[in-house]
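Peer 1:
Residue numbers (our numbering): -17 to 1092.
#1: Do three or more CB pairs link the region 758 to 765 to the region 956 to 970 at distances below 8 angstroms?
#2: Got a sec? Which residues, its chain only, sit under 7 angstroms from residue 336 by beta carbon, not counting five neighbours each side?
#3: If you reduce the DSSP assignment to three classes, tell me which class residue 302 lands in.
#4: Whole angstroms is fine: what's the gap from residue 570's alpha carbon to residue 587's?
#5: Report, in whole angstroms, the separation of the C-beta atoms of residue 10 and residue 228, which I expect to be a contact under 8 angstroms.
#6: Mind listing, in chain order, the continuous beta strand (DSSP E) runs of no fewer than 3 residues lying wholly within the region 23 to 79?
#7: Assess contact between the region 428 to 435 and the region 480 to 498, defined as three or more Cβ pairs (one per stretch) separated by less than 8 angstroms. Is contact present?
#8: Run the CB neighbour count on residue 464, radius 10 Å, all protein chains shown included, and call it buried at 16 or more, exposed below.
#9: Near residue 19, which residues of its chain fall below 7 angstroms by C-beta distance, leaving aside the five closest residues on each side in sequence?
#10: Measure the alpha-carbon distance for residue 331 versus residue 201 and round it to whole angstroms.
#11: Nearest CA to the CA of residue 41: which residue from 996, 518, 873, 167?
#12: Would you tell me roughly how many angstroms separate the C-alpha atoms of residue 922 and residue 833, rounded to the nearest one?
#13: If the criterion is Cβ atoms closer than 8 angstroms, does the pair residue 860 and residue 1033 meet it?
#14: Quick one: any contact between the region 951 to 962 and the region 896 to 906, if contact means 3 or more CB pairs under 8 angstroms?
#15: According to DSSP, which residues form a beta bridge with residue 203?
#16: Report the partner residues of residue 645 according to the DSSP bridge assignment.
#17: To the nearest angstrom, how far is the alpha carbon of residue 724 from that of residue 605?
#18: Does the beta-carbon distance from residue 518 to residue 655 come in below 8 angstroms?
#19: Cβ of residue 388 within 8 angstroms of Cβ of residue 290?
#20: On the DSSP letters alone, give me the boundaries of the beta strand (DSSP E) that residue 934 sits inside.
#21: Would DSSP call residue -6 helix, strand or coil?
#22: Just to confirm, is the Cβ distance from residue 906 to residue 1012 under 8 angstroms?
#23: Answer yes or no: the CB of residue 591 versus the heavy atoms of the ligand COA, is any distance below 7 angstroms?
#24: Go to residue 349, then tell me how far its alpha helix (DSSP H) extends in each direction, as first and last residue.
#25: Give every residue of the same chain whose Cβ lies closer than 7 angstroms to the Cβ of residue 210, excluding the five residues on either side of it in the sequence, and list them in chain order.
#26: Out of 372, 1000, 386, 788, point me to the one whose CA is closest to residue 936's CA.
#27: According to the Cβ coordinates, are residue 155 and residue 162 closer than 8 angstroms?
#28: I'd like to know whether the C-beta atoms of residue 46 and residue 176 end up nearer to each other than 8 angstroms.
#29: Can you grab the Cα-Cα spacing for the pair residue 1076 / residue 1066, in whole Å?
#30: Find the nearest neighbour of residue 542 within the set 580, 830, 318, judged by alpha-carbon distance.
#31: I'd like the span of the beta strand (DSSP E) that includes residue 358, first residue to last.
#32: Looking only at C-alpha atoms, which of 684, 801, 549, 339 sits nearest to residue 591?
#33: According to DSSP, what are the bridge partners of residue 1033?
#34: How far does the alpha helix (DSSP H) with residue 229 in it reach, from first residue to last?
#35: At what residues does the alpha helix (DSSP H) containing residue 405 begin and finish?
#36: Would you please state the rounded distance, in angstroms, between the beta carbons of residue 812 and residue 842? I believe it to be under 8 angstroms.
Here's what the structure looks like:
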């Protein structure tokens, strides 16, 4: 075979449109570069960046070479060619020089990339005719057969660009400092490093490139996993964004095209083998020439064949050309050490086409019986066209019967792919393509048909998924084929006569042994395609039925916490940790394995998952996403409905705010992959203590590790898409249109609350909430009645309330939005559910929520404001937290109206009792004072009044009792079922609960305590002393003294009571002295009076005696 068949990518070879698809890919790529040319001219504003995707050897690099020449030659735009690893190495070196260690923003990345690109353009100019630097150092492609340091001028000559023109283009580009096409190859070799380097993913990066503002346009060639993981995960599901990129996918070469390419070199009969070994990658034909063209009639050559290193060369990560280990196992199984038998099996693998039995080498004929299980026999050959018709018909019939939707366009895709696969198994005779479909005997017919259909459907869905792009149609067809594969090929369904009946009949018509070839089921094992079967197991022959049985058995026999531990391990392995989102994948059996017991278990598992994270969901911003691998819509709905019914919080989180998502993974293939990993993990854990999923995966065979990586990546892609969709749905659900009309009032209220925050900086959270609550009270009659007590110098010191009243009653601005916010269903539901666990607590304890630093469901409220009105939490964080506390307080009071009324009536009664007693005490003090002043020489006037104020304590008591009368009347009306209006209720509630949950700050308790102190102080230190003074003064005769003495005692505070007591005591002592002196004087008078009486009596006696004597 000469080098002209197909060699590795070459800059000097022109691109060849092998098929219409290749032609469309080239034209689409050229169009992207033309649009960039138009962007540089100002004709267009944006150009979607170009991504070229395809398997290794599919022609990506050759297409990049074509674009390199097209850009320089046709568009007159300088193009550079470099691999991603080189780019990242230089960027990190640049960052090191600048002392930067952090991740780069997309803008920074493109800026550095442009600087590096322009530096290469400058080096091209400076080394244009010299060979001092390698072409690769200049970011130019090397020329096959030429020195690595070929001067750029020689390179341009080779590709048909005049050196002087190229030099002019270089100078113009350096002058304008923009306008470079950067062709980046081998992205798959370093895409993970790229993801780690760039902050925030690739969306912004692609957007910046598309706008063309940074002066560099990138074309990236990616392969397999890098394509799916790096790009597909970024772009799928977002239709608007998908329009901003242009993806060109290069398919493998079909078997017919490959045959035509090999015919001139007399290798047409080996084209099928080349196709299977290379998976249709023309770039691999040259390197596999020696192993495919081995002397297949020599036993010795065939025995040495497996030692060829090319067979173990990976076409992609963990994807060998041939699974040699599996081949050796098959040989051991069938041949049991017989060399000729081993060579015979290898002969069939090297000749993948129907072979006449009579033409086989003798050593091959001898061992047909031993190899029978690996071969397909037939009496006559069948045209590929007929086989395609029969297979397609049976697939459609089965899908129609099972309700699996396959549109006519879907079936055309199936036909096309099936034609390519069967063509790769066909014998070409002129224009005819013939395949062998049959069995050596009727006895073996069923097994042969089953094995053939099983492997062909598996290969078919794999081939479509791997090579036909990522459109919705491809996804639909792949999933439909997997359903056919998993349902129709179950043993029970296969036994049904109508299942693939046309294929069975076709095989039956060709029972015989005239032709033979290797079975497609053997090729599936020995030549693994990239995707293949999703079931991962160490257990040989793990079928879907057995997988489902094992899963169901484990779910029903183990405790929820054990199952959740295993689910956590699998989920973390697949999804990794995500910011503010926790993803779990719950495996469930297929619908026909689910009964009531399984449904209940599924519910319990999900409940356990939720309970483990409910605190972070309720008080943080965590979004819990549960994806079910398997199950059915009815079972998942059952779980969802039961969670919602049993817990109002879960109902809100699932239905309204969507902080908990319950979704089903679409497609059985991805679900079966998860289920198989789960069963594999629990099986290994039962045998090995401390087994981990990562460790288990590392012990798998390379083929299985490759499949794990693919299906893991594909599942992550699907999950990323779904998570993004759920995020958008959640944002939509939190966007309340009617809230927009309230945006003006909301901003005004936030300004009011910002002022409240400023003026109450030293207040504790609950008192700040009460202060904010005050600003929304429309009816303030009770508080206004108490304004004397709440004014500066008022005798009642109710902690913060006087400051609040004085500060905010003077301001005309009020919070107007609270009531309307609570009338909106979503906000009302959030606030109500946030208070759910407070509903059975005493009201005082329930109000402790105002003191909590972490507020339940606060983050949902914030998101609603941000999404609906555009109010940024970061700009008004404290005010918005205060707003939410006021909403909580408002809702709590509304929900607990009966408790508010009962609390007020109970406390108001107590307060009024002490108030009336104090009022009566003051009246009695005044009566005594007046009594003393009437007709006595001493007049004492007691005045209880704040200093420098005109009102008295009695005035304040009167106003307090009046305020309580008002709210008591409202409370009694409310208790009787009469409507008092919401504003009055707010005023009533404010009076009832102000200061709670702190008992010592409770307004009514404060009033009661202050009145008690006044009562006890006045009673003990004034009234009792004054009463004693009154009694003492009454002991003095009326009208004593010519002048009346008047004493004024003013009590301005409770502290003054001691002074008043002391002053009255002093007076009492003085009066007591006077009374004592008066008593002594009276005593002396009495004594003199007695002496005079005696003298008088003596005188009278003498007079009487004189009279007698006379």
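No residue lacks a Cβ here, since even glycine has one placed at the ideal position from N, Cα and C.
Peer 2: On the basis of the coordinates in this document:
#1: yes
#2: Sequence index remark: in the chain shown, residue 336 carries index 354 (1-based). The answer, listed in chain order, is 363, 409, 416, 417, 418, 497, 499.
#3: In the chain shown, counting from the first residue as 1, residue 302 sits at position 320. Strand, per DSSP.
#4: Reading the chain shown from its first residue, position 588 is the one you call residue 570. Reading the chain shown from its first residue, position 605 is the one you call residue 587. So the two alpha carbons sit approximately 11 angstroms from each other.
#5: One-based indexing of the chain shown puts residue 10 at position 28. One-based indexing of the chain shown puts residue 228 at position 246. Right, the Cβ-Cβ distance comes to about 7 angstroms (below 8 angstroms), so this counts as a contact.
#6: 32 to 36, 61 to 65
#7: yes
#8: In the chain shown, counting from the first residue as 1, residue 464 sits at position 482. Result: buried.
#9: Translated into the one-based positions of the chain shown, residue 19 becomes position 37. Excluding residues within five positions, the ones whose Cβ falls inside 7 angstroms are 57, 59.
#10: Translated into positions along the chain shown, residue 331 becomes position 349. Translated into positions along the chain shown, residue 201 becomes position 219. Looking at the two C-alpha atoms, the distance is approximately 39 angstroms.
#11: Locating residue 41 in the chain shown gives position 59, counting from the first residue. Checking every option, the nearest Cα to that of residue 41 belongs to 167.
#12: To locate residue 922, count along the chain shown from 1; it is residue 940. To locate residue 833, count along the chain shown from 1; it is residue 851. Using only the alpha carbons, I get a separation of about 50 angstroms.
#13: The residue given as residue 860 occupies position 878 in the chain shown. The residue given as residue 1033 occupies position 1051 in the chain shown. No, they are not a contact pair.
#14: no
#15: Against the chain shown, residue 203 aligns to sequence position 221. DSSP lists 34 as partners of residue 203.
#16: For the purposes of this step, residue 645 is taken as residue 663 along the chain shown, with counting starting at 1. Residue 645 pairs with 609.
#17: Walking along the chain shown from the start, residue 724 turns up at place 742. Walking along the chain shown from the start, residue 605 turns up at place 623. About 28 angstroms.
#18: Residue numbering aside, residue 518 sits at position 536 when the chain shown is read from its first letter. Residue numbering aside, residue 655 sits at position 673 when the chain shown is read from its first letter. Cβ atoms of residue 518 and residue 655: closer than 8 angstroms.
#19: As a working mapping, residue 388 is identified with position 406 in the chain shown. As a working mapping, residue 290 is identified with position 308 in the chain shown. Going by C-beta atoms, residue 388 is not nearer than 8 angstroms to residue 290.
#20: Your numbering for residue 934 matches position 952 in the chain shown. First-last for residue 934: undefined, no H or E at that position.
#21: Sequence index remark: in the chain shown, residue -6 carries index 12 (1-based). Coil at residue -6, not helix or strand.
#22: The residue given as residue 906 occupies position 924 in the chain shown. The residue given as residue 1012 occupies position 1030 in the chain shown. Against a cut-off of 8 angstroms, the Cβ pair of residue 1012 and residue 906 comes out as no contact.
#23: Looking for the ligand COA in the displayed structure turns up nothing, as the structure carries no ligands at all.
#24: Stepping through the chain shown from its first residue, residue 349 is reached at position 367. Here residue 349 belongs to no alpha helix (DSSP H), and DSSP marks it neither H nor E.
#25: Position 228 of the chain shown, counted from the start, is the residue given in the question as residue 210. Low local confidence applies: a pLDDT of 43 at residue 210 is under 50, so the model's placement there is unreliable, with the coordinate-based value given in what follows. The answer, listed in chain order, is 695, 696, 699.
#26: Numbered from 1 along the chain shown, position 954 holds the residue referred to as residue 936. Per the Cα distances, 1000.
#27: Stepping through the chain shown from its first residue, residue 155 is reached at position 173. Stepping through the chain shown from its first residue, residue 162 is reached at position 180. Yes, they are a contact pair.
#28: Taking the first residue of the chain shown as position 1, residue 46 is located at position 64. Taking the first residue of the chain shown as position 1, residue 176 is located at position 194. No, the Cβ-Cβ distance between residue 46 and residue 176 is not below 8 angstroms.
#29: The residue given as residue 1076 occupies position 1094 in the chain shown. The residue given as residue 1066 occupies position 1084 in the chain shown. Going by the C-alpha atoms only, they are around 15 angstroms apart.
#30: As a working mapping, residue 542 is identified with position 560 in the chain shown. It is 580 whose Cα lies nearest to the Cα of residue 542.
#31: Here residue 358 refers to the residue found at position 376 when the chain shown is read from its first residue. Start and end: 357 to 360.
#32: Reading the chain shown from its first residue, position 609 is the one you call residue 591. That would be 549, whose Cα lies nearest to the Cα of residue 591.
#33: As a first step, residue 1033 is located in the chain shown; it is residue number 1051 there, counting from the start. In the DSSP output, where bridge partners are listed per residue, residue 1033 has 926.
#34: Counting from 1 along the chain shown, the entry for residue 229 is found at position 247. Residue 229 -> not in any alpha helix (DSSP H); beta strand (DSSP E) instead, spanning 228 to 232.
#35: Within the chain shown, numbered from 1, the residue matching residue 405 stands at position 423. Note, residue 405: alpha helix (DSSP H), 390 to 405.
#36: Stepping through the chain shown from its first residue, residue 812 is reached at position 830. Stepping through the chain shown from its first residue, residue 842 is reached at position 860. Yes, residue 812 and residue 842 are in contact; Cβ-Cβ is about 5 angstroms, under 8 angstroms.
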